[in-house]
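Chemist:
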Amino acid sequence: MFAPSSRSHSPNPSNSHPRRLYPLRAALVASLCILATGALPIARAQTLQEALEASWKNNIAFAIEKRKVQEVFEVARRAAIDLGPIFNLQGSYGLQAQRQLEGGEPDAEKNFDPAKAWSATVSVEQSLLQSGQVYASHAIASYDKKIALLRLRAFEAQLILDGLQRYLDVVESSAALRVNEKSESQLNEQWRSVRREAALGGASRRDVALATASLAEARAQTIEARNANKAARRAFHDHFGIEVEGELKTPQNLPKPPQNIEAAQALMLERSFNLRAALLEWKKQKKVARSTRGLVFLPRVSLKGNYAVAEQNDSTTDSFTTELSFSYPLRPAYFMSGYRSVLNALRLARDGARLAEQNARRELNDAWEAFAAAQESERARQETLQARSIVLNSAQRETKLGTGDLDDLLEAERNFAEAERATIAAQRQTFVAQIHMLNVIGTLSPALLQLEVPSLDAPYFRRWGFAVEP
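Read in order, the letters of the sequence shown are residues 809 to 1278 in our numbering.
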């Protein structure tokens, strides 16, 4: 968890130069010790991986996106079926009876017995050239499946990034709450000490007022931190679908981005979900443009076959016919307009792919600079925390020796607590910037984080049972 290292306020001069602080490592050791001794209840989501696996199953928005992809696969199935022949089967069965009338009255001696009559017809039709419409729809469906999977993987990566932020919000707000509670406790002791000295005539009313004001400010900050922690826990539940119990573990061994921006750009051009989807959209429009040329230049050609058999009055007949037909709609202006629309869509897709690459490069540069800035900010916050610790130790020693001023001590307390909170926030920002970098590159996935969840590939959506999964 995020928690700056504990400070030493002993007047021993050896403590005036504390060793370098490593908040995350110190907090991790403390967390492991607490969990080993069983001092706190075990949380339902002990690690980031467990929480992300829960969000994969419980997040409603993610479930909706998977349903949308499933519908794209169903459309592709129907488009593939349209490419094959069309079979028709027709049949009839009945009874037929006739009577001869003599003078308008039926002659009973000349009645005929009912005769069975039935017929069956089987026909098949295969489109050999249907103006490119069926083939264009099949091409669109095939590319739409690939694009939908890429969009879903991009949503999945964003789900991981959002989950990391919700997870770190709880870790950060919990650590900040502990810092505020500790600061409030120390200022409360300071306030009590000043009150006792004032009763003995050793402290002025001004000193009491300063101590009271500092304690009241610390209490207000604790209340705000507690409310922020509750809000973070509610957001955690909404995203992951589980409650937070106990202390969450700090993420460890997160994947690292490439060493330099050139390697990151090369990987991004190969792996970026949005860029790959835009390029596939361009390829799809090329295929559609080639297929729909038949709307203008080619006729509709189909081959039909028909076999029929019938029986009536104990007489059976059958027949077999084949037919090759073609037609050409005399609406060239209408189809030319449609073809121009397809070409315009092709140009839009081409420009969209170029824009996607441009945006991807810009996002990568921004993410790279943000990650570098977050690392530098964290180091600066660590140095500030060390310096504030030295100032606080000095102020405490001077106060105990009677040479220090209460104003300096209270200011040192406030500055140190603020430095602790700033360090916690800087560490969180570094984590988020690191994972955001992987998301921009396109390598952020459940497999990268070793999550035990199904892979969102084509076989996953070909299962018949997916449509009724809870």
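By construction, the Cβ of each residue, glycine as well, lies at the ideal position given by its N, Cα and C atoms.
Bear in mind the structure is a predicted one, so any value in this text is a computation, not a measurement.
1) In its own chain, which residues sit with a C-beta less than 7 Å from the C-beta of THR1129, not counting the 5 before and 5 after it?
2) From this set, LEU995, HIS946, ALA862, which residue's C-alpha is nearest GLN1093's C-alpha?
3) Between the Cα of LYS954 and the Cα atoms of ALA1033, VAL883, SER931, SER1202, which residue gives the shortest distance?
4) State the Cα-Cα distance for the pair THR1192 and GLU1089, rounded to the nearest angstrom.
5) Here's a check: name, in chain order, each residue in its chain whose Cβ is nearer than 6 Å to the Cβ of ALA1230, leaving out the five neighbours to either side.
6) Is ILE948 near VAL1117, with beta carbons less than 8 Å apart?
7) Along the chain, where does the alpha helix (DSSP H) containing VAL1096 start, and where does it finish?
8) Using 10 angstroms around the beta-carbon of THR1030, count the other beta-carbons present and answer buried if the total reaches 16, otherwise exposed.
9) Relative to the alpha-carbon of GLU1051, which residue among ALA1043, LYS1057, THR1058 has its alpha-carbon at the smallest distance?
10) Given a threshold of 16 other Cβ atoms within 10 Å of its Cβ, counted over all protein chains shown, does ALA1024 qualify as buried or as exposed?
11) When we look at the beta-carbon of PRO1254 and count the other beta-carbons within 10 Å, is it buried (16 or more) or exposed?
12) Is it buried or exposed for ALA1161, if we count other Cβ within 10 angstroms and need 16 for buried?
13) Determine the closest residue to ARG961 out of THR1251, GLU1260, GLN1258, with distance taken between C-alpha atoms.
14) Please report the distance separating the alpha-carbon of ARG1014 from that of GLU1032.
15) Since GLY971 and LEU860 should fall inside the 8 Å C-beta cutoff, what is the C-beta to C-beta distance between them, to a whole number of angstroms?
16) Since ASN1247 is in the alpha helix (DSSP H), which residue starts that stretch and which ends it?
17) Return the residue from the list ALA862, ASN1082, GLN1060 that minimises the CA-CA distance to PHE963.
18) Can you list, in chain order, the residues of its chain with a C-beta nearer than 7 Å to that of LEU995? Leave out the 5 residues immediately preceding and following it.
19) Please state whether the Cβ-Cβ distance between PRO1059 and PHE1239 is less than 8 Å.
20) Given a cut-off of 8 Å, decide if ASN1223 and ARG1187 are closer than it, judged by their beta-carbon atoms.
21) Please identify the residue among GLU1131, SER1149, GLN1242 whose C-alpha is closest to the C-alpha of ALA1181.
22) Which residue comes first and which comes last in the beta strand (DSSP E) that contains SER863?
23) By the 10 Å Cβ neighbour count, where 16 or more other Cβ atoms means buried, how is PHE895 classified, buried or exposed?
24) For a quick check, are the C-beta atoms of ARG1236 and GLU980 less than 8 Å apart?
25) Can you tell me which of ASP1215, SER1080, GLY1049, THR1100 puts its alpha carbon nearest to the alpha carbon of ALA871?
26) Which of the three DSSP states is assigned to LEU1111 in this structure?
27) Along the chain, where does the beta strand (DSSP E) containing LEU1132 start, and where does it finish?
28) Which stretch, first to last residue, makes up the alpha helix (DSSP H) that contains ILE1031?
29) Cβ of VAL1109 within 8 Å of Cβ of ALA1175?
30) Assuming VAL930 and LEU897 make a contact with CB atoms under 8 Å, what is their CB distance in whole Å?
31) For PRO849, which residues of its own chain have a beta-carbon under 7 Å away from its beta-carbon, when the five flanking residues on both sides are left out?
32) Rounded to whole angstroms, what's the CA-CA distance from ALA844 to ALA1225? Just pull it up for me.
33) Check whether the Cβ atoms of LEU1172 and ALA1074 lie closer than 8 Å to each other.
34) Spatial neighbours of ALA1153 within its chain, please: C-beta separation below 6 Å, excluding the five flanking residues on both sides.
35) In whole angstroms, what is the alpha-carbon distance linking ALA853 and ASN1167?
Modeler: In terms of the structure at hand:
1) By one-based count along the sequence shown, residue 1129 stands at place 321. Closer than 7 Å at Cβ, skipping near neighbours: ASN1114.
2) Counting from 1 along the sequence shown, the entry for residue 1093 is found at position 285. Cα-wise, what sits closest to GLN1093 is HIS946.
3) The residue given as residue 954 occupies position 146 in the sequence shown. Nearest C-alpha to LYS954: VAL883.
4) Counting from one through the sequence shown, the residue named residue 1192 turns up at place 384. Counting from one through the sequence shown, the residue named residue 1089 turns up at place 281. So the two alpha carbons sit approximately 51 Å from each other.
5) One-based indexing of the sequence shown puts residue 1230 at position 422. Cβ neighbours of ALA1230 beyond the five flanking positions: ARG1189.
6) Counting from one through the sequence shown, the residue named residue 948 turns up at place 140. Counting from one through the sequence shown, the residue named residue 1117 turns up at place 309. It is not a contact, given that the beta carbons lie outside the stated cut-off.
7) Here residue 1096 is taken as the residue at index 288 of the sequence shown, counted from 1. Under the DSSP assignment, VAL1096 falls in the alpha helix (DSSP H) whose first and last residues are 1081-1099.
8) On the sequence shown, residue 1030 is found 222 positions in, with the first residue counted as 1. Buried, since its Cβ has 16 or more Cβ neighbours within 10 Å.
9) The count along the sequence shown starts at 1 and reaches residue 1051 at position 243. Distances from the CA of GLU1051 to each of ALA1043, LYS1057, THR1058 were compared; the closest alpha carbon is that of ALA1043.
10) For the purposes of this step, residue 1024 is identified with residue 216 of the sequence shown, where counting begins at 1. It is exposed - the Cβ of ALA1024 has fewer than 16 other Cβ atoms within 10 Å.
11) Your numbering for residue 1254 matches position 446 in the sequence shown. Buried is the call here.
12) In the sequence shown, the residue the question calls residue 1161 occupies position 353. With 16 or more other CB atoms across the displayed protein chains lying within 10 angstroms of its CB, ALA1161 is buried.
13) Taking the first residue of the sequence shown as 1, we reach residue 961 at position 153. When only C-alpha atoms are compared, the closest one is THR1251.
14) For the purposes of this step, residue 1014 is identified with residue 206 of the sequence shown, where counting begins at 1. For the purposes of this step, residue 1032 is identified with residue 224 of the sequence shown, where counting begins at 1. Their backbone Cα atoms lie some 27 Å apart in a straight line.
15) Translated into positions along the sequence shown, residue 971 becomes position 163. Translated into positions along the sequence shown, residue 860 becomes position 52. Confirmed, Cβ separation roughly 5 Å.
16) Translated into positions along the sequence shown, residue 1247 becomes position 439. Its alpha helix (DSSP H) spans residues 1214-1249.
17) Residue mapping note: residue 963 aligns to position 155 of the sequence shown, counting from 1. Cα-wise, what sits closest to PHE963 is ASN1082.
18) One-based indexing of the sequence shown puts residue 995 at position 187. So the list reads SER1022, LEU1023, ALA1026, GLU1221, once near-sequence residues are dropped.
19) Residue 1059 sits at position 251 when you count from the first residue of the sequence shown. Residue 1239 sits at position 431 when you count from the first residue of the sequence shown. Yes, the pair counts as a contact, with Cβ atoms nearer than the cut-off.
20) One-based indexing of the sequence shown puts residue 1187 at position 379. One-based indexing of the sequence shown puts residue 1223 at position 415. Not closer than 8 Å, so no.
21) Taking the first residue of the sequence shown as position 1, residue 1181 is located at position 373. Taking only the C-alpha atoms, the option nearest ALA1181 is GLN1242.
22) Your numbering for residue 863 matches position 55 in the sequence shown. Where SER863 is concerned, there is no enclosing beta strand (DSSP E), although the alpha helix (DSSP H) around it starts and stops at 856-866.
23) The residue given as residue 895 occupies position 87 in the sequence shown. Answer is exposed; the Cβ neighbour count stays below 16.
24) Within the sequence shown, the letter at position 428 stands for residue 1236. Within the sequence shown, the letter at position 172 stands for residue 980. Against a cut-off of 8 Å, the Cβ pair of GLU980 and ARG1236 comes out as a contact.
25) Counting from 1 along the sequence shown, the entry for residue 871 is found at position 63. Looking at the Cα atoms, GLY1049 is the closest of the given residues.
26) Looking up residue 1111 in the sequence shown gives position 303. The answer is strand: DSSP assigns LEU1111 an E or B state.
27) As a position in the sequence shown, residue 1132 is number 324, starting the count at 1. Taken as a continuous stretch (DSSP letters only), the beta strand (DSSP E) holding LEU1132 covers 1123-1135.
28) As a position in the sequence shown, residue 1031 is number 223, starting the count at 1. Residues 1013-1048.
29) Here residue 1109 refers to the residue found at position 301 when the sequence shown is read from its first residue. Here residue 1175 refers to the residue found at position 367 when the sequence shown is read from its first residue. The Cβ atoms of VAL1109 and ALA1175 do not sit closer than 8 Å to each other.
30) Translated into positions along the sequence shown, residue 930 becomes position 122. Translated into positions along the sequence shown, residue 897 becomes position 89. With a Cβ gap of about 6 Å, VAL930 and LEU897 count as contacting.
31) Taking the first residue of the sequence shown as 1, we reach residue 849 at position 41. Confidence is the limiting factor: at PRO849 the pLDDT is only 37, short of 50, which leaves the residue's position unreliable, though a coordinate-based value still follows. Closer than 7 Å at Cβ, skipping near neighbours: GLU1053, GLY1054.
32) By one-based count along the sequence shown, residue 844 stands at place 36. By one-based count along the sequence shown, residue 1225 stands at place 417. At ALA844 the pLDDT is 33, less than 50, meaning the model places this residue with poor confidence; the figure from the coordinates comes in the next sentence. In this structure, the alpha-carbon of ALA844 lies about 29 Å from that of ALA1225.
33) Taking the sequence shown and counting its residues from 1, one reaches residue 1172 at position 364. Taking the sequence shown and counting its residues from 1, one reaches residue 1074 at position 266. No, the Cβ-Cβ distance between LEU1172 and ALA1074 is not below 8 Å.
34) Here residue 1153 refers to the residue found at position 345 of the sequence shown. GLN1093, listed in sequence order.
35) Position 45 of the sequence shown, counting from 1, holds the residue named residue 853. Position 359 of the sequence shown, counting from 1, holds the residue named residue 1167. With a pLDDT of only 47 at ALA853, under 50, the local geometry of the prediction cannot be trusted, and the value read off the model is given with reservation. Each residue's CA atom was taken as its position, placing ALA853 and ASN1167 some 36 Å apart.
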